[in-house]
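Trainee: Residue numbers (my numbering): 400 to 650.
All C-beta atoms, glycine included, are put in the ideal place defined by N, C-alpha and C.
Small disclaimer: the values here were computed from a predicted structure and weren't measured.
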Ligand code: NI
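1) For residue 458 versus residue 492, is the C-beta spacing smaller than 8 Å?
2) Taking 7 Å as the line, does the beta carbon of residue 686 fall inside it for any heavy atom of the ligand NI?
3) How many Å lie between residue 542 and residue 588 at the Cα?
4) With distances taken Cα to Cα, identify the nearest neighbour of residue 488 among 518, 513, 592 and 413.
5) May I have the straight-line CA-CA distance separating residue 452 from residue 426, to the nearest angstrom?
6) What did DSSP end up calling residue 414 once you bin it into helix, strand or coil?
7) Using CA atoms only, rank isn't needed, just tell me which of 490, 622 and 408 is closest to residue 442.
8) Would you call the CB atoms of residue 401 and residue 430 closer than 8 Å?
9) Judging by CA-CA distance, which residue of 522, 515 and 467 is the nearest neighbour of residue 499?
10) Would you identify the three-state DSSP class for residue 506, choosing helix, strand or coil?
11) Please classify residue 524 as buried or exposed, where buried requires at least 16 other C-beta atoms within 10 Å of its C-beta.
12) Quick check: is any heavy atom of the ligand NI less than 7 Å from the C-beta of residue 496?
13) Comparing C-alpha positions only, which one of 463, 607, 599 and 630 sits nearest to residue 619?
Laid out in structure tokens, this is it:
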């Protein structure tokens with residue numbers, strides 16, 4: 400059974416010199432499904448050109464919380480046009496980041512909420528980035544009634560359960576392989592297994608044993624193994640569950 404990277408940025412500059420090899424290593428490691436996440440319309444268009452026989456790519460586009468001060472109304476309309484297109488599977492990553500953006504919380508909330516409302520209108524799910532902003536994130540998701548994935552989940556297990564109740568999937572990144580990573584593993588144990596996904600968020604958040612180097616989709620196997628071990632599950636059984644979750648997410 401194959402692995403899945405539910406969140407990667409292989410359209411990033413970090414992969415411009417050796418993308419073919421990165422894709423080969425995905426096949427070698429049975430990572431044959433992945434979602435490419437774009438924060439800019441050009442990245443999105445480029446992402447659509449990335450193809451490899453044997454790998455099933457999904458595509459997502461959204462205005463990242465760190466970019467909300469840079470986008471004009473015209474830009475927003477350009478994003479919305481592409482989000483509507485058949486090639487765009489999800490809206491995201493969108494959300495709130497109060498760690499890097501302390502001074503523009505209102506603007507972040509406004510752009511996040513507009514994208515959630517739009518996603519509902521066009522009947523697509525959202526990929527959510529939330530850092531140091533869990534309550535506001537929750538409130539907007541609840542108010543707008545969207546469903547989707549909490550990407551690179553880093554909040555408490557209690558809140559994870561609340562997001563699950565809203566209909567969200569919880570996606571765990573390579574940080575769960577770090578030595579001091581208690582919380583993500585607690586989260587893994589406390590949510591229903593049918594709401595769990597894994598991801599790399601590459602080129603960032605590289606799991607052990609490659610921590611400190613550039614991340615890539617094939618490294619999702621280290622996150623998968625760590626979680627399998629934590630849950631005391633058979634690895635094939637876990638991969639089967641991941642595939643079920645991922646396909647149900649898109650239904
Ligand atoms: Ni990301």
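Mentor: If we stick to the structure as given:
1) Within the chain shown, numbered from 1, the residue matching residue 458 stands at position 59. Within the chain shown, numbered from 1, the residue matching residue 492 stands at position 93. Not closer than 8 Å, so no.
2) Outside the modelled stretch of the chain, which goes from 400 to 650, sits residue 686, for which no answer is possible.
3) Taking the first residue of the chain shown as 1, we reach residue 542 at position 143. Taking the first residue of the chain shown as 1, we reach residue 588 at position 189. Taking the straight line from one Cα to the other gives about 28 Å.
4) For this step, residue 488 is matched to residue 89 along the chain shown. Ranking 518, 513, 592 and 413 by Cα distance to residue 488 puts 518 first.
5) Stepping through the chain shown from its first residue, residue 452 is reached at position 53. Stepping through the chain shown from its first residue, residue 426 is reached at position 27. Near 9 Å, if we compare the C-alpha coordinates of residue 426 and residue 452.
6) Here residue 414 corresponds to residue number 15 of the chain shown, with the count starting at 1. Residue state, collapsed to three classes: helix.
7) Walking along the chain shown from the start, residue 442 turns up at place 43. Of the listed residues, the one whose Cα sits closest to residue 442 is 408.
8) For this step, residue 401 is matched to residue 2 along the chain shown. For this step, residue 430 is matched to residue 31 along the chain shown. Contact flag set, yes.
9) Position 100 of the chain shown, counting from 1, holds the residue named residue 499. Ranking the options by Cα distance to residue 499, first place goes to 467.
10) For the purposes of this step, residue 506 is taken as the residue at position 107 of the chain shown. Helix at residue 506.
11) Within the chain shown, numbered from 1, the residue matching residue 524 stands at position 125. It is buried - the Cβ of residue 524 has at least 16 other Cβ atoms within 10 Å.
12) In the chain shown, residue 496 corresponds to position 97, counting from 1. No; taking the cut-off as 7 Å, the Cβ of residue 496 has no heavy atom of the ligand NI nearer than that.
13) Along the chain shown, read from residue 1 onward, the residue named residue 619 stands at position 220. Comparing Cα-Cα distances from residue 619 to each of 463, 607, 599 and 630, the minimum goes to 599.
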